[in-house]
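Asker:
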Amino acid sequence: MDNKHQHPQPQPQLSLAKSSRQRCNEWIFRDVPSDITIDVNGGTFALHKFPLVSRSGRIRKLVAEHRDSDISRIELLNLPGGAETFELAAKFCYGINFEITSANVAQLCCVSDYLEMTEDFSKDNLGSRAEEYIDCIVCKNLEMCVEVLQQCESLLPLADELKIVSRCIDAVASKACAEQIASSFSRLEYSSSGRLHMNRHTKCEGDWWIEDLSVLRFDLYQRVMTAMKCRGVRPESIGASLMNYAQKELTKKSSLWNPTTQAKVDLVSVPSGHERQVVETIIGLLPVEKLAVPINFLFGLLRSAVMLDCTVACRLDLERRIASQLDIAALDDLLIPSFRHAGDTLFDVDTVHRILVNFAQQDDSEDEMDDASVFESDSPHSPSQTALLKVAKLMDNYLAEIAPDANLKLAKFMVIAETLPSHARTVHDGLYRAIDIYLKAHQNLSDSDKKRLCKMIDFQKLSQEAGAHAAQNERLPLQSIVQVLYFEQLRLRNALSCSYGDEEHKPVHQSWRISSGALSAAMSPRDNYASLRRENRELKLELARLRMRLNDLEKEHVCMKRDMVKSHSRKFMSSFSRKIGKLSFFGHSSSRGSSSPSKNSYRTDSKVIERTCASTD
Numbered sequence: 004m005d006n007k008h009q010h011p012q013p014q015p016q017l018s019l020a021k022s023s024r025q026r027c028n029e030w031i032f033r034d035v036p037s038d039i040t041i042d043v044n045g046g047t048f049a050l051h052k053f054p055l056v057s058r059s060g061r062i063r064k065l066v067a068e069h070r071d072s073d074i075s076r077i078e079l080l081n082l083p084g085g086a087e088t089f090e091l092a093a094k095f096c097y098g099i100n101f102e103i104t105s106a107n108v109a110q111l112c113c114v115s116d117y118l119e120m121t122e123d124f125s126k127d128n129l130g131s132r133a134e135e136y137i138d139c140i141v142c143k144n145l146e147m148c149v150e151v152l153q154q155c156e157s158l159l160p161l162a163d164e165l166k167i168v169s170r171c172i173d174a175v176a177s178k179a180c181a182e183q184i185a186s187s188f189s190r191l192e193y194s195s196s197g198r199l200h201m202n203r204h205t206k207c208e209g210d211w212w213i214e215d216l217s218v219l220r221f222d223l224y225q226r227v228m229t230a231m232k233c234r235g236v237r238p239e240s241i242g243a244s245l246m247n248y249a250q251k252e253l254t255k256k257s258s259l260w261n262p263t264t265q266a267k268v269d270l271v272s273v274p275s276g277h278e279r280q281v282v283e284t285i286i287g288l289l290p291v292e293k294l295a296v297p298i299n300f301l302f303g304l305l306r307s308a309v310m311l312d313c314t315v316a317c318r319l320d321l322e323r324r325i326a327s328q329l330d331i332a333a334l335d336d337l338l339i340p341s342f343r344h345a346g347d348t349l350f351d352v353d354t355v356h357r358i359l360v361n362f363a364q365q366d367d368s369e370d371e372m373d374d375a376s377v378f379e380s381d382s383p384h385s386p387s388q389t390a391l392l393k394v395a396k397l398m399d400n401y402l403a404e405i406a407p408d409a410n411l412k413l414a415k416f417m418v419i420a421e422t423l424p425s426h427a428r429t430v431h432d433g434l435y436r437a438i439d440i441y442l443k444a445h446q447n448l449s450d451s452d453k454k455r456l457c458k459m460i461d462f463q464k465l466s467q468e469a470g471a472h473a474a475q476n477e478r479l480p481l482q483s484i485v486q487v488l489y490f491e492q493l494r495l496r497n498a499l500s501c502s503y504g505d506e507e508h509k510p511v512h513q514s515w516r517i518s519s520g521a522l523s524a525a526m527s528p529r530d531n532y533a534s535l536r537r538e539n540r541e542l543k544l545e546l547a548r549l550r551m552r553l554n555d556l557e558k559e560h561v562c563m564k565r566d567m568v569k570s571h572s573r574k575f576m577s578s579f580s581r582k583i584g585k586l587s588f589f590g591h592s593s594s595r596g597s598s599s600p601s602k603n604s605y606r607t608d609s610k611v612i613e614r615t616c617a618s619t620d
């Protein structure tokens, strides 16, 4: 039984040798006996020396080296293309016609180089014929170039040394760029005003090559994409090609590319070698321009990179790209499963935190780059502030989603909540909801941890519904509940104050003071500065009005007093002095002493009044 199972292994080679002999008998000279046998990768060819040595320099050298021994058998090791390609080369030596196509031209170029079938040994040899076909036929057609590149996958590195690969890649890149330019011109049209513009609603048909390139092996595909980027192919077209290639290569493993999967995957059971190389290749080819690929595609790549344990540089590059457009991400995108040990959190919180840190640092760097003139803008919301508000809402929903996880540590929860600046959240309802869910799922938290957690909530920024819920929430610390009740009382007082018409100014100022504080905390530093400048200008105008009114009142008062002094002061003071002298309460000396101060005081008062009127006039 054992012997029967040991001998059938060489049968494929024997069958290959038989088929080679049969094929040779169909076109070889039957009336002339064979004088040399060629062994090529398991195939055997009974041929004649003269036709072979007349075309092949390699066979000529081998025969010449064994001229004395009259060599009759030659073995050609590692011949590119194998027995089938050698058969075509032998037919060429015998002068038998066959068709050169894009399916065999790469093999013919390589075998002609191996057998040294060049112009040095024969005119119009196989090498020059194959080269001419590549330059004149293949490089003019993109589909043929792709087919030749497919054939070169098994012919490397010889196909690279002969520059077959580089010529086809350059031809593909040039052809794609030309197609794109032609497609762009076809979308040009004149508007109603007579101006030439691009019709963006018309579908771009210059990217038909995307599907053709998806059949290439990832290393050749990488070289084609690199050449296209150098030639100036649109980033959107590069991104579309990368998405198509990734879907074909990675969707075979549903766990790699399913954004909604949350199941733990055993990395040992996944054949991750090829997939890892594909993911790293695609990440390295991503265009630098924003929105060249959808953000959910970036998250899909990141999910695959985490699972396949790709290089740290690839994952960090993806995280930076995602952070630059985090404001358009969805909650499902952030739910990246954790592929580590069983005791870890359900979702990869660390990766999301790094993305959030990159987003916050990017926002800070953009603010620092702005000069002082930017702060003069009175726009209510800058683009960065709009992105901050969207990301803050997204993070609050993410925190609420991961809060029920029993393995989620308090430090990880808080570090995500505290990463964004305070002005990113205009309303704290989402943050309050996430913290409430966390408190409900982690009832063993200490009082100090609960206080730390609730300190992140600005209860003044809660809506009326959230404030009413927080006031009755037994899970909150007592100190937090007191704060909620205090701000609810302030809100109620302001609402009642505004209903009284007589006290219109007072509640307005009180409500302005409270709302202004909340508004300034909810704004970015840039918008907060502009708002403070506006409020400062309003206050200066109000103060100027008050000063003008006060000056008018002072003028009226001084003028009235001056008129009274001019008309009645002398008569009144003389009669008053006589009456005082008759009363003589303080004696003679006191009477004399009391008359002089009255005169002095009169002079002083009159001088002050005159000086004041002069200054006001």
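Each residue of the sequence shown is one higher than the one before, starting from 4 at the first, in our numbering. Glycine residues also receive a C-beta, built at the ideal position from the N, C-alpha and C atoms. These numbers were taken from a predicted model, which means no experiment stands behind them.
1. According to DSSP, is residue 350 helix, strand or coil?
2. Tell me the DSSP secondary structure of residue 663 in three-state form.
3. Whole angstroms are fine: how far does the CA of residue 418 sit from the CA of residue 357?
4. My guess is that residue 437 and residue 411 are in contact by the Cβ rule of under 8 angstroms, so how many angstroms apart are they, rounded?
5. With H, G and I counted as helix, E and B as strand and the rest as coil, what does DSSP make of residue 160?
6. Measuring CB to CB, does residue 170 end up less than 8 angstroms from residue 140?
7. Anyone know if the C-beta pair for residue 309 and residue 318 falls short of 8 angstroms?
8. As a quick exercise: from 342, 351, 133, pick the residue whose alpha carbon is nearest that of residue 336.
9. Could you tell me which of 282, 73, 468, 298 sits nearest to residue 326, measuring between CA atoms?
10. Among residues of its own chain, excluding the 5 on either side of residue 230, which ones have a beta-carbon nearer than 8 angstroms to its beta-carbon?
11. Would you check if the distance between the CB atom of residue 304 and the CB atom of residue 282 is smaller than 8 angstroms?
12. Tell me residue 50's beta-bridge partners as DSSP assigns them.
13. DSSP on residue 552, reduced to helix/strand/coil?
14. Going by DSSP, which residues form a beta bridge with residue 82?
15. Using the C-alpha atoms, what's the distance from residue 416 back to residue 480?
16. Can you check which of these residues, 218, 40, 292, is closest to residue 148 by C-alpha distance?
17. Which stretch, first to last residue, makes up the alpha helix (DSSP H) that contains residue 250?
18. According to DSSP, what are the bridge partners of residue 331?
19. Take residue 284 and list the residues in its own chain whose beta-carbon comes closer than 8 angstroms to its own, dropping the five residues that flank it on each side.
20. Whether or not the segment 433 to 449 and the segment 392 to 408 are in contact is what I'm after, with contact meaning three or more pairs of Cβ atoms, one per stretch, closer than 8 angstroms; do they touch?
21. Where residue 554 and residue 541 are concerned, what is the direct C-alpha to C-alpha distance, given to the nearest angstrom?
22. Assuming residue 661 is part of the alpha helix (DSSP H), what are its boundary residues?
23. Give me, in chain order, the residues of the same chain whose beta-carbon lies closer than 7 angstroms to that of residue 361; leave out the 5 immediate sequence neighbours on both sides.
24. Near residue 130, what residues of its chain come up, given a Cβ to Cβ distance below 6 angstroms and the 5 sequence neighbours on each side ignored?
25. Inspect the beta-carbon positions of residue 228 and residue 296 and report whether they are closer than 8 angstroms.
26. Just the C-alpha distance for residue 549 and residue 493, rounded to the nearest angstrom, thanks.
27. Look at the alpha carbon of residue 3 and the alpha carbon of residue 463, and state the distance between them as a whole number of angstroms.
28. Using C-beta distances below 7 angstroms, list every residue in its chain close to residue 108, excluding the 5 sequence neighbours before and after it, in chain order.
29. Indicate the three-state DSSP secondary structure (helix, strand or coil) for residue 76 in the structure shown.
30. Taking the alpha carbon of residue 47 as the reference point, which residue from 79, 61, 69 has its own alpha carbon closest?
31. Using only alpha-carbon positions, find the residue among 334, 238, 76 that is nearest to residue 290.
32. Is the beta carbon of residue 293 less than 8 angstroms from the beta carbon of residue 328?
33. Could you please give me the residues that DSSP links to residue 340 through a beta bridge?
Answerer: Looking at the coordinates:
1. Counting from 1 along the sequence shown, the entry for residue 350 is found at position 347. DSSP places residue 350 in the strand class (E or B) of the three-state scheme.
2. Absent from the model: residue 663. The displayed extent of the chain is 4 to 620, so no value can be given.
3. Here the question's residue 357 lines up with position 354 in the sequence shown. Here the question's residue 418 lines up with position 415 in the sequence shown. C-alpha of residue 357 to C-alpha of residue 418: approximately 11 angstroms in a straight line.
4. Taking the first residue of the sequence shown as position 1, residue 437 is located at position 434. Taking the first residue of the sequence shown as position 1, residue 411 is located at position 408. About 11 angstroms; that fails the 8 angstroms criterion.
5. What you label residue 160 is simply residue 157 of the sequence shown in a count that begins at 1. When DSSP states are grouped into helix, strand and coil, residue 160 belongs to the coil group.
6. As a first step, residue 170 must be located in the sequence shown, where it is residue number 167. As a first step, residue 140 must be located in the sequence shown, where it is residue number 137. Residue 170 is not a Cβ neighbour of residue 140, given a cutoff of 8 angstroms.
7. In the sequence shown, residue 309 corresponds to position 306, counting from 1. In the sequence shown, residue 318 corresponds to position 315, counting from 1. With contacts defined by Cβ atoms closer than 8 angstroms, residue 309 and residue 318 form a contacting pair.
8. Taking the sequence shown and counting its residues from 1, the one referred to as residue 336 is at position 333. Checked all of 342, 351, 133; the closest Cα to residue 336 is 351.
9. Translated into positions along the sequence shown, residue 326 becomes position 323. Per the C-alpha coordinates, the member of 282, 73, 468, 298 positioned closest to residue 326 is 298.
10. In the sequence shown, residue 230 corresponds to position 227, counting from 1. Counting only Cβ-Cβ distances below 8 angstroms, and skipping sequence neighbours, we find 172, 173, 175, 176.
11. Position 301 of the sequence shown, counting from 1, holds the residue named residue 304. Position 279 of the sequence shown, counting from 1, holds the residue named residue 282. Yes, they are a contact pair.
12. On the sequence shown, residue 50 is found 47 positions in, with the first residue counted as 1. Answer by DSSP bridge pairing, in chain order: 39.
13. In the sequence shown, counting from the first residue as 1, residue 552 sits at position 549. It is helical.
14. Start at 1 with the first residue of the sequence shown, and residue 82 comes out as number 79. Residue pairing by DSSP leaves residue 82 without any beta bridge partner.
15. Stepping through the sequence shown from its first residue, residue 480 is reached at position 477. Stepping through the sequence shown from its first residue, residue 416 is reached at position 413. Computed Cα separation, rounded: 18 angstroms.
16. Indexing the sequence shown from 1 puts residue 148 at position 145. It is 218 whose Cα lies nearest to the Cα of residue 148.
17. Residue numbering aside, residue 250 sits at position 247 when the sequence shown is read from its first letter. Segment 238 to 253, the alpha helix (DSSP H) holding residue 250.
18. For the purposes of this step, residue 331 is identified with residue 328 of the sequence shown, where counting begins at 1. In the DSSP output, where bridge partners are listed per residue, residue 331 has none listed.
19. Position 281 of the sequence shown, counted from the start, is the residue given in the question as residue 284. Closer than 8 angstroms at Cβ, skipping near neighbours: 221, 222, 224, 225.
20. Yes, the segment 392 to 408 is in contact with the segment 433 to 449.
21. Taking the first residue of the sequence shown as position 1, residue 554 is located at position 551. Taking the first residue of the sequence shown as position 1, residue 541 is located at position 538. Cα to Cα, the separation comes out at about 20 angstroms.
22. What the structure shows of the chain is the stretch from 4 to 620, and residue 661 is not part of that stretch, so it cannot be assessed.
23. Within the sequence shown, residue 361 is the residue found at index 358, counting from 1. Result list for residue 361: 322, 323, 326, in chain order.
24. Along the sequence shown, read from residue 1 onward, the residue named residue 130 stands at position 127. Excluding its 5 nearest sequence neighbours in each direction, residue 130 has C-beta neighbours in its own chain below 6 angstroms: 115, 120, 121, listed in chain order.
25. Residue numbering aside, residue 228 sits at position 225 when the sequence shown is read from its first letter. Residue numbering aside, residue 296 sits at position 293 when the sequence shown is read from its first letter. In this structure, residue 296 does not lie closer than 8 angstroms to residue 228 by Cβ.
26. On the sequence shown, residue 549 is found 546 positions in, with the first residue counted as 1. On the sequence shown, residue 493 is found 490 positions in, with the first residue counted as 1. Answer to the nearest angstrom: the Cα atoms are 29 angstroms apart.
27. There is simply no residue 3 to check, as the chain begins at 4 and stops at 620 in what is shown.
28. Locating residue 108 in the sequence shown gives position 105, counting from the first residue. Cβ within range, chain order: 133, 136, 137, 141, 151.
29. Counting from one through the sequence shown, the residue named residue 76 turns up at place 73. In the three-state reduction of the DSSP assignment, residue 76 falls in the strand class.
30. Numbered from 1 along the sequence shown, position 44 holds the residue referred to as residue 47. The candidate whose alpha carbon is nearest that of residue 47 is 79.
31. Taking the sequence shown and counting its residues from 1, the one referred to as residue 290 is at position 287. Taking only the C-alpha atoms, the option nearest residue 290 is 238.
32. Within the sequence shown, numbered from 1, the residue matching residue 293 stands at position 290. Within the sequence shown, numbered from 1, the residue matching residue 328 stands at position 325. Going by C-beta atoms, residue 293 is nearer than 8 angstroms to residue 328.
33. Against the sequence shown, residue 340 aligns to sequence position 337. The partner list for residue 340 (beta bridge, DSSP) reads 350.
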